[in-house]
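**Student:** The sequence shown maps to residues 7 to 751 in our numbering.
Glycine included, every Cβ here is placed at the ideal spot set by N, Cα and C.
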Amino acid sequence: MKITDALKKSGVKLLEILSLRPRISHPSLIKGALFLLILSVALGARLLSLRWGFYLNEFDPYFHYHAARYIANNGLASLFSWRDYTGWYPWGRDMPRLSNFGLALTAVALYRILSFLGIPLVLSSNLNPLDPLISDPLYNLCVIFPLIMTALTCLITYFLGRELGGETVGLLSALLLAVDPSYIDRTSLGWFDDETVGIMSGLFLILSFSRAMDEKRDFKSNIIYAVFAGLSLGYLSTSWGAARYLIVMTALFTFILLLRRYTPRLLLSYIITFGLAFSVVIVDPRAGLSFLKETTNLPVYGVLLLLCIAEISRRTPSPKKKAAYISTFIILVIAVTSITLHFKILALPSGKYLYALIPSLRSENPLFESVAEHKPSSWAVFYYNFGVGVIFIPVGVFFAALMATNLSIFMAIYCLTSIYFASSMVRLNILASPSICLLWALALKRVLSPLILSLKEETQHLGRKARIKPFEKELIGGLLIIMFAFFVLTHVFGTAFLIGISGVGPRFLTRANTPATLSGASLSFEAPSIVRDWIDALTWMRENLPPSPSKPGESGTVVASWWDYGYWITVVANKTTLADNGTINGTRIMELGRMFMSNETEAIKMLKKYNVTHVVVYVTFDNNGRDAGAGGDEGKWRWMAKIPGLDDNLFGNLTLGWDWIDSNNNGRYDQYDQVIRNTLGQNTVLYKLMTYGKEKTLQGYSTINLEHFRKAYFSQKEREPKPAITLSDGTSLIPLVCVYEVVYD
Numbered sequence: 007m008k009i010t011d012a013l014k015k016s017g018v019k020l021l022e023i024l025s026l027r028p029r030i031s032h033p034s035l036i037k038g039a040l041f042l043l044i045l046s047v048a049l050g051a052r053l054l055s056l057r058w059g060f061y062l063n064e065f066d067p068y069f070h071y072h073a074a075r076y077i078a079n080n081g082l083a084s085l086f087s088w089r090d091y092t093g094w095y096p097w098g099r100d101m102p103r104l105s106n107f108g109l110a111l112t113a114v115a116l117y118r119i120l121s122f123l124g125i126p127l128v129l130s131s132n133l134n135p136l137d138p139l140i141s142d143p144l145y146n147l148c149v150i151f152p153l154i155m156t157a158l159t160c161l162i163t164y165f166l167g168r169e170l171g172g173e174t175v176g177l178l179s180a181l182l183l184a185v186d187p188s189y190i191d192r193t194s195l196g197w198f199d200d201e202t203v204g205i206m207s208g209l210f211l212i213l214s215f216s217r218a219m220d221e222k223r224d225f226k227s228n229i230i231y232a233v234f235a236g237l238s239l240g241y242l243s244t245s246w247g248a249a250r251y252l253i254v255m256t257a258l259f260t261f262i263l264l265l266r267r268y269t270p271r272l273l274l275s276y277i278i279t280f281g282l283a284f285s286v287v288i289v290d291p292r293a294g295l296s297f298l299k300e301t302t303n304l305p306v307y308g309v310l311l312l313l314c315i316a317e318i319s320r321r322t323p324s325p326k327k328k329a330a331y332i333s334t335f336i337i338l339v340i341a342v343t344s345i346t347l348h349f350k351i352l353a354l355p356s357g358k359y360l361y362a363l364i365p366s367l368r369s370e371n372p373l374f375e376s377v378a379e380h381k382p383s384s385w386a387v388f389y390y391n392f393g394v395g396v397i398f399i400p401v402g403v404f405f406a407a408l409m410a411t412n413l414s415i416f417m418a419i420y421c422l423t424s425i426y427f428a429s430s431m432v433r434l435n436i437l438a439s440p441s442i443c444l445l446w447a448l449a450l451k452r453v454l455s456p457l458i459l460s461l462k463e464e465t466q467h468l469g470r471k472a473r474i475k476p477f478e479k480e481l482i483g484g485l486l487i488i489m490f491a492f493f494v495l496t497h498v499f500g501t502a503f504l505i506g507i508s509g510v511g512p513r514f515l516t517r518a519n520t521p522a523t524l525s526g527a528s529l530s531f532e533a534p535s536i537v538r539d540w541i542d543a544l545t546w547m548r549e550n551l552p553p554s555p556s557k558p559g560e561s562g563t564v565v566a567s568w569w570d571y572g573y574w575i576t577v578v579a580n581k582t583t584l585a586d587n588g589t590i591n592g593t594r595i596m597e598l599g600r601m602f603m604s605n606e607t608e609a610i611k612m613l614k615k616y617n618v619t620h621v622v623v624y625v626t627f628d629n630n631g632r633d634a635g636a637g638g639d640e641g642k643w644r645w646m647a648k649i650p651g652l653d654d655n656l657f658g659n660l661t662l663g664w665d666w667i668d669s670n671n672n673g674r675y676d677q678y679d680q681v682i683r684n685t686l687g688q689n690t691v692l693y694k695l696m697t698y699g700k701e702k703t704l705q706g707y708s709t710i711n712l713e714h715f716r717k718a719y720f721s722q723k724e725r726e727p728k729p730a731i732t733l734s735d736g737t738s739l740i741p742l743v744c745v746y747e748v749v750y751d
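Written out as structure tokens, the structure is:
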């Protein structure tokens with residue numbers, strides 16, 4: 007009987023367990039469905055570029071993949087002694103001091119986890135002709151990595167928005183960020199770059215730090231969130247250079263709270279957050295202990311001092327003792343600061359951070375100015391990225407300041423400061439995107455909620471005095487329709503049709519539906535299908551050129567090109583280059599610019615100095631042989647002259663090798679002006695190599711006589727060029743990658 011009773015009881019308990027099911031409320035189900043829909047939109051938009059192939063995008067992602075591959079193959083310990091001779095030959099790159107490795111380590115860790123779980127990452131070779139890379143599962147993970155980070159970032163944005171203004175703000179801010187053009191630019195398929203983890207960890211820092219000082223939470227929760235904030239800030243600092251901005255902004259936010267809302271938890275959260283973060287950073291081989299001496303950390307130390315003074319003041323009841331303690335503390339700090347300044351212990355951050363902070367300094371560095379993403383943002387850029395959101399930015403800041411919660415103050419500071427840096431540099435638009443989306447969502451809710459409620463009731467009280475009367479409903483309805491129309495125009499239909507451009511959808515789809523730079527041949531025009539010129543050229547170099555030297559003194563293939571193509575040649579073609587997109591050696595780039603702008607006799611001296619075996623140039627032109635200026639070296643030659651300090655107009659005031667005479671004296675070039683040859687420009691190595699390639703492609707022969715260069719490979723067939731795109735005027739745009747062998751005899 008005992009056994010029977012025991013079995014019955016066990017059976018009843020088993021039935022009870024089996025009958026259990028998660029109880030999900032109807033509102034939670036709707037919120038979950040809406041968030042999944044937002045994720046579907048976010049990921050779907052970022053997969054649109056897949057029709058041009060499965061590639062890493064732009065240039066820097068190839069470097070990060072290169073670093074991740076090395077760590078995966080050689081282990082983490084090898085990173086600290088890695089001297090990479092595949093770039094900046096013959097001196098190479100001191101990799102531990104060159105790059106942030108948080109991104110690469112994250113990818114390798116995720117790769118190990120997926121491999122352990124048995125999830126396959128090898129795709130069909132038919133999907134992509136670039137077999138040497140697509141056969142690597144780590145490469146495939148790096149291509150889809152931005153999509154994973156996008157999903158996590160949207161989730162964190164939802165939680166931030168929910169704390170800021172409720173469920174509506176959370177969902178709306180996640181949606182706005184998912185379709186934000188600036189954010190899409192830096193998180194699309196293949197964009198394996200610092201921003202993917204940087205934005206995610208930065209938002210998690212804000213969320214955790216605001217919770218760490220929340221008096222409504224228990225002390226244990228405050229400690230846990232402070233630890234999360236410290237780890238996220240440390241991870242951010244080892245992954246993205248823009249972490250310096252988040253560090254200073256967090257210190258500024260703490261200082262503002264200190265003025266009116268000091269509590270011991272604020273001091274504790276601050277110490278834990280920055281103590282953990284800096285402990286992580288000093289272990290990073292690039293930053294190390296020198297990071298603590300950067301002037302960008304002075305606000306952190308200053309705020310810590312003020313927090314300590316505030317705590318001393320709180321704990322000391324006697325005014326005399328309080329004054330004595332504070333005076334002693336201040337004297338000590340002044341003494342330490344004086345010693346630091348006298349011995350020049352503090353170090354300024356690198357140039358690009360100063361240029362972002364003080365844009366007027368960038369004119370001193372033509373190399374920095376030559377990079378397109380370093381240009382300042384105009385009003386048009388802001389409107390193109392955020393649409394009607396620019397109208398709601400001040401409204402959102404106003405409501406955030408009015409709410410005056412810890413998080414709303416943090417978001418207002420974040421928004422205002424990030425807009426300044428975004429206006430300083432186009433690349434930093436992504437820094438402002440999350441704050442703008444969050445405050446935009448907050449503004450929409452705070453503006454629309456009372457208006458919508460007023461339509462439901464005959465008389466709606468908005469405050470003690472304000473009241474909306476029935477006869478005002480028509481006006482409110484009209485305002486709602488106008489706001490909805492603006493939103494739909496921005497995010498559904500787009501506004502291009504208003505200026506006569508048909509077939510162009512909303513901005514976020516336009517930005518998402520673009521090819522990867524490699525599969526689009528780095529053209530400034532969007533090709534309707536994959537453009538194979540760079541892919542074929544890099545694959546040919548990989549398969550047909552002799553191996554590159556593994557260290558200085560060995561023989562092998564060394565390639566000279568303008569620095570734009572360095573990462574591609576190093577990673578995809580597996581060949582050593584003289585310079586790359588890291589631009590770590592300005593003197594070398596000056597030498598390359600001078601080489602391309604010199605005649606063959608002078609250029610060969612520089613090439614021989616570095617044992618260069620091949621030179622690569624890239625040119626775009628139309629079917630009539632005219633330069634197209636669509637992303638090739640024909641549009642970069644002025645920087646090749648300016649960076650080494652040459653006068654670019656001496657080589658052609660119209661284009662390289664050609665001058666124009668202003669016949670009408672109207673100050674601009676038109677069809678009535680006279681064009682004449684520029685002998686100096688037409689004798690440059692760059693002009694000869696580009697013109698030789700164009701003429702051989704179009705005519706099968708060339709009028710250019712090359713003395714020290716021989717054709718090794720052209721990406722187009724002679725007399726049978728394959729245009730990438732046909733322009734509106736009927737001309738065809740032809741990209742051409744030329745690989746030349748250097749002849750020293």
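At the level of alpha carbons, what is the spacing between Y719 and V623?
**Tutor:** Taking the first residue of the sequence shown as position 1, residue 719 is located at position 713. Taking the first residue of the sequence shown as position 1, residue 623 is located at position 617. Going by the C-alpha atoms only, they are around 11 Å apart.
**Student:** Specify, as a first and last residue, the run of the alpha helix (DSSP H) that T703 falls within.
**Tutor:** Within the sequence shown, the letter at position 697 stands for residue 703. Where T703 is concerned, the enclosing alpha helix (DSSP H) stretches over 691–705.
**Student:** Tell me which residue opens and which closes the beta strand (DSSP E) that Y719 is part of.
**Tutor:** For the purposes of this step, residue 719 is identified with residue 713 of the sequence shown, where counting begins at 1. Element bounds for Y719: 715–720.
**Student:** Out of curiosity, what's the CA-to-CA distance linking L104 and F284?
**Tutor:** Your numbering for residue 104 matches position 98 in the sequence shown. Your numbering for residue 284 matches position 278 in the sequence shown. Going from the Cα of L104 to the Cα of F284 covers about 19 Å.
**Student:** Distance, Cα to Cα, L584 vs W569?
**Tutor:** Here residue 584 corresponds to residue number 578 of the sequence shown, with the count starting at 1. Here residue 569 corresponds to residue number 563 of the sequence shown, with the count starting at 1. Going from the Cα of L584 to the Cα of W569 covers about 8 Å.
**Student:** Counting only runs that start and end within the segment 31–116, where is the alpha helix (DSSP H) found for 4 or more residues in a row?
**Tutor:** Listed in chain order, the complete alpha helix (DSSP H) runs (minimum 4 residues) inside the segment 31–116 are 32–52, 66–80.
**Student:** Do you know how far the Cα of K557 is from the Cα of T589?
**Tutor:** As a first step, residue 589 is located in the sequence shown; it is residue number 583 there, counting from the start. As a first step, residue 557 is located in the sequence shown; it is residue number 551 there, counting from the start. Distance between the alpha carbons of T589 and K557: 21 Å.
**Student:** Would you identify the three-state DSSP class for G509, choosing helix, strand or coil?
**Tutor:** Taking the first residue of the sequence shown as 1, we reach residue 509 at position 503. The predicted position of G509 is uncertain, since its pLDDT is 49 and thus under 50; a value taken from the coordinates is nonetheless stated next. If DSSP states are grouped into helix, strand and coil, G509 belongs with coil.
**Student:** Buried or exposed: G699, going by 16 or more other Cβ atoms within 10 Å of its Cβ?
**Tutor:** Stepping through the sequence shown from its first residue, residue 699 is reached at position 693. Classification of G699: buried, given that the 10 Å Cβ count is 16 or more.
**Student:** Please tell me whether I575 and V565 are closer than 8 Å, where the distance is taken between their beta carbons.
**Tutor:** As a position in the sequence shown, residue 575 is number 569, starting the count at 1. As a position in the sequence shown, residue 565 is number 559, starting the count at 1. Going by C-beta atoms, I575 is nearer than 8 Å to V565.
**Student:** Could you pull out every residue in the same chain whose Cβ sits closer than 6 Å to the Cβ of F210, ignoring the five residues on either side in sequence?
**Tutor:** Start at 1 with the first residue of the sequence shown, and residue 210 comes out as number 204. Contacts found: I162, S238.
**Student:** Just the Cα atoms here: how many angstroms apart are T619 and R548?
**Tutor:** In the sequence shown, residue 619 corresponds to position 613, counting from 1. In the sequence shown, residue 548 corresponds to position 542, counting from 1. Going by the C-alpha atoms only, they are around 14 Å apart.
**Student:** Can you check the segment 211–254 for any alpha helix (DSSP H) of at least 4 residues that lies completely inside it and give the ranges in chain order?
**Tutor:** The qualifying runs are 225–243.
**Student:** With distances taken from CA atoms, which of L116, L454, L182, Y164 is nearest K37?
**Tutor:** Stepping through the sequence shown from its first residue, residue 37 is reached at position 31. For the residues L116, L454, L182, Y164, the minimum Cα distance to K37 belongs to Y164.
**Student:** Using the beta-carbon count (16 or more within 10 Å), is Y251 buried or exposed?
**Tutor:** Stepping through the sequence shown from its first residue, residue 251 is reached at position 245. The residue in question, Y251, is buried, as its Cβ has 16 or more Cβ neighbours within 10 Å.
**Student:** Name, in chain order, the residues that DSSP records as bridge partners for Y624.
**Tutor:** Numbered from 1 along the sequence shown, position 618 holds the residue referred to as residue 624. Answer by DSSP bridge pairing, in chain order: V743.
**Student:** Tell me which same chain residues have a C-beta within less than 7 Å of the C-beta of F477, skipping the five on either side of it?
**Tutor:** In the sequence shown, residue 477 corresponds to position 471, counting from 1. Only weak support exists for where F477 lies, its pLDDT of 46 falling under 50; the coordinates are left without a value.
**Student:** Indicate the three-state DSSP secondary structure (helix, strand or coil) for I590 in the structure shown.
**Tutor:** Along the sequence shown, read from residue 1 onward, the residue named residue 590 stands at position 584. If DSSP states are grouped into helix, strand and coil, I590 belongs with coil.
**Student:** Helix, strand or coil for L504? Go by DSSP, reduced to three states.
**Tutor:** Counted from its first residue, the sequence shown places residue 504 at position 498. With a pLDDT of 49 at L504, under the threshold of 50, the modelled position of this residue cannot be trusted; read the value that follows with caution. Reduced to three states, the DSSP call for L504 is helix.
**Student:** Does L367 have its Cβ less than 8 Å from a Cβ in chain D?
**Tutor:** Of the chains in the structure shown, none is chain D; there is only one protein chain.
**Student:** Tell me whether E724 sits in a helix, a strand or coil according to DSSP, three-state version.
**Tutor:** What you label residue 724 is simply residue 718 of the sequence shown in a count that begins at 1. Coil, per DSSP.
**Student:** Give the DSSP-derived three-state secondary structure of L24 in the structure shown.
**Tutor:** For the purposes of this step, residue 24 is taken as the residue at position 18 of the sequence shown. Note that L24 scores a pLDDT of 49, beneath 50, so its modelled location is shaky and nothing firm can be said.
**Student:** Taking W568 as part of the alpha helix (DSSP H), name the residues at either end of that continuous run.
**Tutor:** For this step, residue 568 is matched to residue 562 along the sequence shown. Note, W568: premise wrong, no alpha helix (DSSP H); not H, not E.
**Student:** Exposed or buried, which one is E64 when buried takes at least 16 other CB atoms within 10 Å?
**Tutor:** Position 58 of the sequence shown holds residue 64. So E64 ends up on the buried side.
**Student:** Tell me which residues share the same chain as S604 and place their Cβ nearer than 7 Å to its Cβ, disregarding the 5 neighbours each side in the sequence.
**Tutor:** Taking the sequence shown and counting its residues from 1, the one referred to as residue 604 is at position 598. Excluding residues within five positions, the ones whose Cβ falls inside 7 Å are T690, V691.
**Student:** Is the beta carbon of S55 less than 8 Å from the beta carbon of P521?
**Tutor:** Residue numbering aside, residue 55 sits at position 49 when the sequence shown is read from its first letter. Residue numbering aside, residue 521 sits at position 515 when the sequence shown is read from its first letter. Cβ atoms of S55 and P521: closer than 8 Å.
**Student:** Put E560 into one of helix, strand or coil per three-state DSSP.
**Tutor:** Mapped onto the sequence shown, residue 560 falls at position 554. Coil, per DSSP.
**Student:** Got a sec? Which residues, its chain only, sit under 8 Å from Y389 by beta carbon, not counting five neighbours each side?
**Tutor:** To locate residue 389, count along the sequence shown from 1; it is residue 383. Here the set comprises V396.
**Student:** List the residues that DSSP assigns as beta-bridge partners of W664.
**Tutor:** Walking along the sequence shown from the start, residue 664 turns up at place 658. Answer is T661, R683, bridged to W664.
**Student:** Using only alpha-carbon positions, find the residue among G98, D100, V128, Y71 that is nearest to A110.
**Tutor:** Stepping through the sequence shown from its first residue, residue 110 is reached at position 104. Answer by Cα proximity: Y71.
**Student:** Using DSSP bridges, identify the partner residues of T732.
**Tutor:** For the purposes of this step, residue 732 is taken as the residue at position 726 of the sequence shown. DSSP lists S738 as partners of T732.
**Student:** Any idea if A428 is buried or exposed, counting beta-carbon neighbours within 10 angstroms, 16 or more meaning buried?
**Tutor:** Counting from 1 along the sequence shown, the entry for residue 428 is found at position 422. Under this definition A428 is a buried residue.
**Student:** If I measure Cβ to Cβ from A609 and keep anything under 7 Å in the same chain, skipping five residues before and after, which residues do I get?
**Tutor:** Indexing the sequence shown from 1 puts residue 609 at position 603. These residues qualify, in order along the chain: M601, V691.
**Student:** Measure from the alpha carbon of L312 to the alpha carbon of each residue in A293, A257, K299, then state which is nearest.
**Tutor:** In the sequence shown, residue 312 corresponds to position 306, counting from 1. Minimum Cα distance to L312 is reached at A257.
**Student:** Name the two residues that bound the continuous alpha helix (DSSP H) containing R321.
**Tutor:** As a working mapping, residue 321 is identified with position 315 in the sequence shown. That run of the alpha helix (DSSP H) goes 304–321.
**Student:** Evaluate F1 with the Cβ neighbour count: other Cβ atoms within 10 Å of its Cβ, from every protein chain shown; 16 or more gives buried, anything less gives exposed.
**Tutor:** The shown model of the chain, from 7 to 751, leaves out residue 1, and the question about it has no answer.
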